[in-house]
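In this note's numbering, the protein residues as written are 2 to 404.
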């Protein structure tokens, strides 16, 4: 049996690459696994040889110690791989298939899955609706920043690439289908971005850049990206976005007016989440982005909120924020009849269409987010670089398949 190395959370600020054991078609006891999930059989699952697996900003929240993630958790929910073993009950997925794994784990059988709400599947996580690989409070499923990983409910979940050679040619784009591209697209789409829309995207990290590129694909006439990091803003400008450096300007509406002629946009996306910094204020202001996008979004506009918010934030300085209670000016949003869409992204609603856009050459998501390939052994350095604010999306290549 082959060995298997993976990226393991070792406590605040530290990840290491360890031998994690070769995966089986069963969920064994381990860090973060609810007792109801221990020894859960997965004959409906497959074993993947991981081709690419990405470092996500959501992973970074855990590594910073801003969640209740347990030590020893194997990280990684953005997984692309080749099927090397299938369970007894797998009917349609075949050995040798090259596939994208939606980061939401979904059974395909519950009411939510039948309604395409795969982000809140009720059967895979006994603690609450919704699940993901290698993530805190998400059912204990082993993460995929590794050489091999088990994926349950394969027939329902896996997106098979039609041609393996073509897929490898586009692998840096296709690896974004697991999470970041659908998440960015979900933010723009649920904000109501359409032909001619003006859009403000808060945050120029990978998800913000994906949301900006998605807004362009949806036909926006102007996409404005705001951030405190000039390097990330330069990356946004590289594919045609306008930008606002919030370190230099604390009056967002005035900056938007200089670009558009009016101080508001049709739609806005929060791609920052609960670790937001205030505009012109010191320290974290976890509601700052939400309040800012309500300020600059026109009456009747939409707010897409793919940025992560949590129910427990032990690192927050504010006692309310430690339990996810934020000082949001909800009355303003109500008065302006804004539409808010929150929660995990139902990746399966978007990944097939986005795959077609990539394969046709219409979507250039790897370029937009500045994808950078690293080895599995270099993953700890990748986490450190990402945390420093570099304008890169790190793609881990466990087997040296694309380097």
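All C-beta atoms, glycine included, are put in the ideal place defined by N, C-alpha and C.
Where do the ends of the alpha helix (DSSP H) carrying residue i lie?
i           : result
residue 336 : 331-336
residue 293 : 289-297
residue 306 : Residue 306 -> no alpha helix (DSSP H), and no H or E assigned at all.
residue 98  : Neither: residue 98 is in no alpha helix (DSSP H) and is coded neither H nor E.
residue 215 : 207-218
residue 368 : 366-370
residue 232 : 231-238
residue 33  : It is not in any alpha helix (DSSP H) - residue 33 carries neither H nor E in the DSSP assignment.
residue 268 : Unbroken run through residue 268 is the beta strand (DSSP E), 266-271; no alpha helix (DSSP H).
residue 172 : 172-175
residue 139 : Residue 139 -> no alpha helix (DSSP H), and no H or E assigned at all.
residue 223 : Here residue 223 belongs to no alpha helix (DSSP H); instead the beta strand (DSSP E) covers 223-228.
Go ahead and label residue i buried or exposed: buried means 16 or more other beta carbons lie within 10 angstroms of its beta carbon, across all protein chains shown.
i           : result
residue 20  : exposed
residue 293 : buried
residue 343 : exposed
residue 380 : buried
residue 394 : buried
residue 335 : exposed
residue 92  : exposed
residue 147 : buried
residue 39  : exposed
For residue i, decide whether its Cβ has a neighbour in chain B, counting only Cβ atoms nearer than 8 Å.
i           : result
residue 379 : Within the model displayed, chain B is absent; a lone protein chain is all it includes.
I'd like the span of the beta strand (DSSP E) that includes residue i, first residue to last.
i           : result
residue 395 : 394-398
residue 200 : 199-203
residue 20  : 16-20
residue 352 : Looking at the DSSP string, residue 352 is not in any beta strand (DSSP E); the run it does join, the alpha helix (DSSP H), is 352-360.
residue 54  : 47-55
residue 7   : 6-10
Measure the C-alpha to C-alpha separation of residue i and residue j and round it to an integer number of angstroms.
i           : j           : result
residue 402 : residue 256 : 45 Å
residue 295 : residue 304 : 8 Å
residue 318 : residue 67  : 11 Å
residue 3   : residue 107 : 28 Å
residue 325 : residue 313 : 6 Å
residue 121 : residue 114 : 8 Å
residue 357 : residue 172 : 13 Å
residue 64  : residue 112 : 34 Å
residue 365 : residue 208 : 14 Å
residue 196 : residue 246 : 26 Å
residue 235 : residue 9   : 32 Å
residue 98  : residue 397 : 20 Å
residue 327 : residue 96  : 47 Å
residue 73  : residue 275 : 24 Å
residue 229 : residue 27  : 44 Å
residue 46  : residue 241 : 42 Å
residue 266 : residue 258 : 9 Å
Between residue i and residue j, which are expected to be in contact by the criterion C-beta below 8 Å, what is the C-beta distance as a whole number of angstroms?
i           : j           : result
residue 264 : residue 297 : 7 Å
residue 221 : residue 194 : 5 Å
residue 190 : residue 269 : With a Cβ gap of about 13 Å, residue 190 and residue 269 do not count as contacting.
residue 180 : residue 348 : 6 Å
residue 168 : residue 175 : 6 Å
residue 271 : residue 291 : 6 Å
residue 186 : residue 310 : Not a contact, Cβ separation roughly 19 Å.
residue 205 : residue 233 : 4 Å
residue 300 : residue 338 : 6 Å
### Query
Do the stretch 81-95 and the stretch 128-140 meet, that is, are 3 or more Cβ pairs less than 8 Å apart?
no
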